[in-house]
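Below: the structure, in structure tokens.
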Amino acid sequence: TIGTKVRESSSQLGSVAQSLAQASTEQASSIQQSVSAMTEVGAMLGQTARNVSTTADLSKIVLDQAQQGVRTMEEMSVSMQAISGSSNRLREIVRVIEDISLKTNVINDVVFKTQLLAVNASIEAARAGQHGKGFAVVANEVASLAAMSGNASNQIKELLRNSTTKVEDIISGTSGSITTGEKVSERTSVAFSQITQSISEVSQKMAEIDAATQEQEAGVSQTSIALTQMNQATTAANSMAQRNAAMSGDLRDQAKELGVIGDKLGGIVSGRTVSAPDGRGGSSLTTAKASLAADAEAAVKGQEGRPELAQIAQKHRMKSQSSSGQGSDDTRRAG
């Protein structure tokens, strides 16, 4: 019957509305979780951006220090070259000392020859006897001066030899230190250059990470805004779904009442007798119309904003009253 179909349709509509309300609730919960997750992601990206900025600043400081180290090593290399030049000058001093030693040998030869001449002069003075005494004294003084000159020459030669040894030791030690220093300086310069290059690459990568993080932050912000708007829309849809579910429940109850009315209408159309509410018999058509009007009025009672149902109930009441009057006239005429 029509009432049965209405009840089935309203029941299906209620199930659909309830499922829609449940799905909207679950969707709202999922979107809310997504909003919270995106908020946390945004916070982590912000912290990452701050860390990247701090790391970039530190990298810049380290890069400046590494460049300063390179400049220091270059200055040290220049100093090493200056020391190497000093060593070369020390070698020249050694050659000068050697030349002085050679001159000292000449002095020693002159002293030796002077002593020989003094000895010969003493011999000749002795042969001259009384006349050669003054000359002998001069010869002895010359021999004495020659001896003193020889001793001084030997001392100078010894000093020169000691000086040469010390200078050569200094040159040897300095040369070794310079060679080692140059090698260390070269390796350190290479290391500083590599460090500078690595830090430059790190700084470049950090700049790229910073740019990517900013883009991610912008994307997360836009996503959060979209999710917030979606959450608001879902909340509104959820409220509508809840209202629809409630309205479907009311519609189901009304459908039951309309089903009863439909059954009674079907009885009227088919000519079946419908008992009066008090159990008394009467005209089937009149009684059915009266019962139908009462049911319609009960179905629409309290339904504000539904004037069409009120009109239907009023129409049934008027028809019921009209039928009741006609039935009374028929009864009087029959009497």
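Residue numbering for the sequence shown follows the UniProt record's numbering, starting at 1 and increasing by one per position. The C-beta atom is built at its ideal place from N, Cα and C for all residues, glycine as well. The model shown is predicted, which means the values in this text are computed figures rather than measured ones.
- Message: Report the start-end ranges of each alpha helix (DSSP H) in the segment 121 to 159 that is 4 residues or longer and not cut off at the edges.
- Response: If we require 4 residues or more, the segment 121 to 159 turns out to have no alpha helix (DSSP H) run fully inside it.
- Message: Buried or exposed for A21, going by 16 or more other Cβ atoms inside 10 Å?
- Response: Buried: at least 16 other Cβ atoms inside 10 Å.
- Please state if the CB of A66 and the CB of T188 are separated by a distance shorter than 8 Å. A distance of 8 Å or more separates the beta carbons of T188 and A66.
- Task: Throw me the rounded Cβ distance for the L13 and L258 pair, which I believe falls under 8 Å.
- Result: About 14 Å separates the two Cβ atoms, so there is no contact after all.
- Task: Specify whether the segment 26 to 40 and the segment 175 to 185 touch according to this definition: at least 3 beta carbon pairs, one from each stretch, less than 8 Å apart.
- Result: Judged by Cβ distances under 8 Å, the segment 26 to 40 makes no contact with the segment 175 to 185, as fewer than three pairs qualify.
- Item | Entirely enclosed alpha helix (DSSP H) segments - the segment 188 to 220, minimum 4 residues | Qualifying alpha helix (DSSP H) stretches: none in this window.
- Message: Assuming contact is defined by CB atoms lying nearer than 8 Å, are V62 and I156 in contact in what I supplied?
- Response: No; because the gap between Cβ atoms is not below 8 Å, this pair is not in contact.
- Item | Separation of A255 from A245, as counted between CA atoms | As the crow flies, the alpha-carbon of A245 is around 15 Å from that of A255.
- Query: Quick one: Cα of M44 to Cα of Q216, how far?
  - Reply: So the alpha carbons of these two residues sit roughly 11 Å apart.
- Task: Using alpha carbons as the reference points, say which of I83, R127, E141, T48 lies closest to M206.
- Result: The shortest CA-to-CA distance from M206 to any of I83, R127, E141, T48 is the one to T48.
- Query: What's the gap between the Cα of V110 and the Cα of K103?
  - Reply: Taking the straight line joining both Cα atoms gives about 11 Å.
- Beta-carbon spacing of I171, S77 below 8 Å: Contact: no.
- Use the C-beta contact count for F192: other C-beta atoms within 10 angstroms, 16 or more gives buried, fewer gives exposed. Under the 10 Å beta carbon count, F192 is surrounded by 16 or more other beta carbons and is classified as buried.
- Message: As a quick exercise: from S203, I100, A233, Q33, pick the residue whose alpha carbon is nearest that of S59.
- Response: Residue S203 is the option with its Cα nearest to S59.
- Length of the line joining the Cα atoms of N151 and E168: Note on geometry: alpha-carbon atoms of N151 and E168 lie some 26 Å from one another.
- Task: Take L227 as the anchor and find which of S19, Q18, S30 has the nearest alpha-carbon.
- Result: Ranking the options by Cα distance to L227, first place goes to S30.
- Message: Below 7 Å, is the gap between the Cβ of V110 and the nearest heavy atom of the ligand SAM?
- Response: The ligand SAM is not among the ligands present in this structure, which contains no ligands whatsoever.
- Query: If you draw a straight line from the alpha carbon of R89 to that of V96, how long is it in whole angstroms?
  - Reply: Whole-angstrom Cα-Cα distance: 11 Å.
- Buried or exposed by the 16-neighbour rule on C-beta atoms within 10 Å, applied to V52: With 16 or more Cβ atoms within 10 Å of its Cβ, V52 is classed as buried.
- Query: Do you know how far the Cα of R161 is from the Cα of S101?
  - Reply: Straight through space, the alpha carbons of R161 and S101 are spaced by roughly 8 Å.
- Rounded Cβ spacing between A118 and A146 (contact assumed at less than 8 Å): About 6 Å; that satisfies the 8 Å criterion.
- Query: Would you report the Cα separation of G46 and V220, rounded to the nearest angstrom?
  - Reply: G46 and V220 have their alpha carbons spaced roughly 11 Å apart.
- Considering only C-alpha positions, which residue in the set I178, R71, R91, D57 is nearest to V190? Nearest option by C-alpha distance: R71.
- What's the gap between the Cα of T174 and the Cα of I123? Distance from the CA of T174 to the CA of I123, rounded to the nearest whole angstrom, comes to 57 Å.
- Item | N238 burial status per 10 Å Cβ neighbour count (16 or more: buried) | Result: buried.
- Query: What distance in whole Å lies between the Cβ atoms of A139 and Q115, which are believed to be in contact at a cut-off of 8 Å?
  - Reply: Going by Cβ atoms, the distance from Q115 to A139 rounds to 10 Å, so no, they are not a contact pair.
- Task: Measure the beta-carbon distance from G69 to S224 and round it to whole angstroms, keeping in mind my assumption that it falls under 8 Å.
- Result: The pair is not a contact, with the Cβ atoms about 46 Å apart (cut-off 8 Å).
- Determine the direct distance from the alpha carbon of V94 to that of M80, and round the result to whole angstroms. In this structure, the alpha-carbon of M80 lies about 21 Å from that of V94.
- Query: Alpha carbon to alpha carbon, how far is R306 from L265?
  - Reply: With a pLDDT of 47 at R306, under the threshold of 50, the modelled position of that residue is not reliable, and the figure given next carries that caveat. Linking R306 to L265 through their CA atoms gives a straight-line distance of about 21 Å.
- Query: Do you know offhand how far Q232's Cα is from A218's?
  - Reply: C-alpha separation (whole angstroms): 21 Å.
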